[in-house]
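A.B. asks: Going by full-length UniProt numbering, the letters in the sequence shown line up with residues 1 to 255, in that order. Please read through the structure below; I'll follow up with questions.
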Amino acid sequence: HVADTNFSFNSVEPPTEQHPESGGSPQDGFPLSYLSSVPCPGMPSCSPDCCLLQAVEIIKVFSEDGTGKVVEIPADMTARDLCQLLIYRSHCVDDSSWTLVEHHPLLSLERCLEDHELVAQVQASMTSESKFLFRKNYAKYEFFRNPLNFFPEQMVAWCQETDGTIPHSQLLQNFLNPSSCPEIQGFLYLKETARKSWKKLYMFLRRSGLYYSTKGTSKEPRHLQLLADLEDSNIFTVIAGRRLHGAPTDFEFCI
Numbered sequence: 001h002v003a004d005t006n007f008s009f010n011s012v013e014p015p016t017e018q019h020p021e022s023g024g025s026p027q028d029g030f031p032l033s034y035l036s037s038v039p040c041p042g043m044p045s046c047s048p049d050c051c052l053l054q055a056v057e058i059i060k061v062f063s064e065d066g067t068g069k070v071v072e073i074p075a076d077m078t079a080r081d082l083c084q085l086l087i088y089r090s091h092c093v094d095d096s097s098w099t100l101v102e103h104h105p106l107l108s109l110e111r112c113l114e115d116h117e118l119v120a121q122v123q124a125s126m127t128s129e130s131k132f133l134f135r136k137n138y139a140k141y142e143f144f145r146n147p148l149n150f151f152p153e154q155m156v157a158w159c160q161e162t163d164g165t166i167p168h169s170q171l172l173q174n175f176l177n178p179s180s181c182p183e184i185q186g187f188l189y190l191k192e193t194a195r196k197s198w199k200k201l202y203m204f205l206r207r208s209g210l211y212y213s214t215k216g217t218s219k220e221p222r223h224l225q226l227l228a229d230l231e232d233s234n235i236f237t238v239i240a241g242r243r244l245h246g247a248p249t250d251f252e253f254c255i
């Protein structure tokens, strides 16, 4: 199983289209250097004693043209470090958009690994048909660069229940305050694993999990039902959701 909880969702409104960028600035990207201690040609290596003690894993990564590359990595290597290694070995231009994708063809699911995730740990949970893809995702850091694309003025004001007197820039700053977790709310279509039909529900995304209202758009505690605890869950993009699941929109994700 890819995840403990398997729900498919569709957003009522499509997300803002992302546009490729030609390159990343120093603060956006990472230096073109190998960030781990694994030796590779032309780069510093650790001592022989250190390497003998270090557990290694064999990872196979596929590019978009279908070719595969086998890489030996330490068990504690992160997705970010593996991307840097592949960039170096493949002589790619490092524009901070390269990403490692966990791809499940039989389930038609995939997701981009977060920079801090341990690649070997993710591979241990994958089936023999699943694989890693190495490709560009120009929206990889777009959430941090252009938060307005993800939090339009109407949604920010709606979720904070303001009367229109607070400037949008201040609302967004309050909304994305790292010391707090903003509540995001809105309609989503839900399809549980054992059901064939989609149900439109009013959802609330909070620090404690994803909830839906059993009574319209009410967010009184007695009307909220916990749908998923997202602490140990991953969010996957569904490929061809309309064709495979009869999804009501083109934008579908799975927990």
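Ideal Cβ placement from N, Cα and C applies to all residues, glycine included. Owing to the predicted nature of the structure, the values given are computational and were not obtained by experimental measurement.
Which residues bound the beta strand (DSSP E) around Ile73?
C.D. replies: It spans 68-74 - the beta strand (DSSP E) in which Ile73 sits, taken as one unbroken run.
A.B. asks: Output the distance between the C-alpha atoms of Arg195 and Leu244, rounded to the nearest integer angstrom.
C.D. replies: So the two alpha carbons sit approximately 13 Å from each other.
A.B. asks: Assign Thr99 to one of two classes, buried (16 or more other C-beta atoms within 10 Å of its C-beta) or exposed (fewer than that).
C.D. replies: Thr99 should be labelled buried.
A.B. asks: Could you give the first and the last residue of the continuous beta strand (DSSP E) run that contains His103?
C.D. replies: Per DSSP, His103 belongs to the beta strand (DSSP E) from 98-104.
A.B. asks: Going by Cα to Cα distance, which pick from Tyr138, Ser218, Ser90 is closest to Met203?
C.D. replies: Minimum Cα distance to Met203 is reached at Ser218.
A.B. asks: State the DSSP-derived secondary structure class of Tyr212, mapped to helix, strand or coil.
C.D. replies: Note: Tyr212 maps to strand in three-state DSSP.
A.B. asks: What first and last residue would you give for the alpha helix (DSSP H) that runs through Glu220?
C.D. replies: Segment: none, Glu220 is in no alpha helix (DSSP H) and carries neither H nor E.
A.B. asks: Where Asp94 and Lys199 are concerned, what is the direct C-alpha to C-alpha distance, given to the nearest angstrom?
C.D. replies: So the alpha carbons of these two residues sit roughly 43 Å apart.
A.B. asks: Under the three-state reduction of DSSP, which class applies to Cys181: helix, strand or coil?
C.D. replies: If DSSP states are grouped into helix, strand and coil, Cys181 belongs with coil.
A.B. asks: Among Tyr88, Glu117, Ile239, which residue has its Cα nearest to the Cα of Leu107?
C.D. replies: When each option's Cα is compared against that of Leu107, the closest is Ile239.
A.B. asks: In whole angstroms, give me the CA-to-CA distance for Ser208 and Gln173.
C.D. replies: Straight-line Cα distance between these residues: approximately 21 Å.
A.B. asks: Three Cβ pairs or more, each shorter than 8 Å: is that satisfied between the stretch 84-92 and the stretch 142-151?
C.D. replies: Short answer: they don't touch.
A.B. asks: With a CB to CB cut of under 8 Å and the five nearest residues on each side skipped, what residues in its chain are close to Lys215?
C.D. replies: Cβ neighbours of Lys215 beyond the five flanking positions: His223.
A.B. asks: Residues in its own chain within less than 7 Å of Ser125 by CB, not counting five upstream and five downstream?
C.D. replies: Closer than 7 Å at the Cβ level, and outside the excluded window around Ser125, lies no residue.
A.B. asks: Where do the ends of the beta strand (DSSP E) carrying Ala228 lie?
C.D. replies: Note, Ala228: beta strand (DSSP E), 224-228.
A.B. asks: Check this for me: beta carbons of Arg111 and Thr193, under 8 Å apart or not?
C.D. replies: Contact flag unset, no.
A.B. asks: Hey, out of Arg206, Asp115, Tyr189, whose CA is closest to Gly246's CA?
C.D. replies: The shortest C-alpha separation from Gly246 is found at Tyr189.
A.B. asks: Would you say Ala120 and Glu72 are within 8 Å of each other, going by their C-beta atoms?
C.D. replies: No, Cβ-Cβ distance for Ala120 and Glu72 is not below 8 Å.
A.B. asks: Taking C-alpha atoms, which residue in Pro167, Phe134, His91, His104 lies nearest to Ser128?
C.D. replies: Nearest C-alpha to Ser128: His104.
A.B. asks: Near Gln225, which residues of its chain fall below 7 Å by C-beta distance, leaving aside the five closest residues on each side in sequence?
C.D. replies: Correct list, in chain order: Tyr211, Tyr212, Thr214.
A.B. asks: Asp76 to Ser130, Cα distance in whole Å?
C.D. replies: Distance between the alpha carbons of Asp76 and Ser130: 21 Å.
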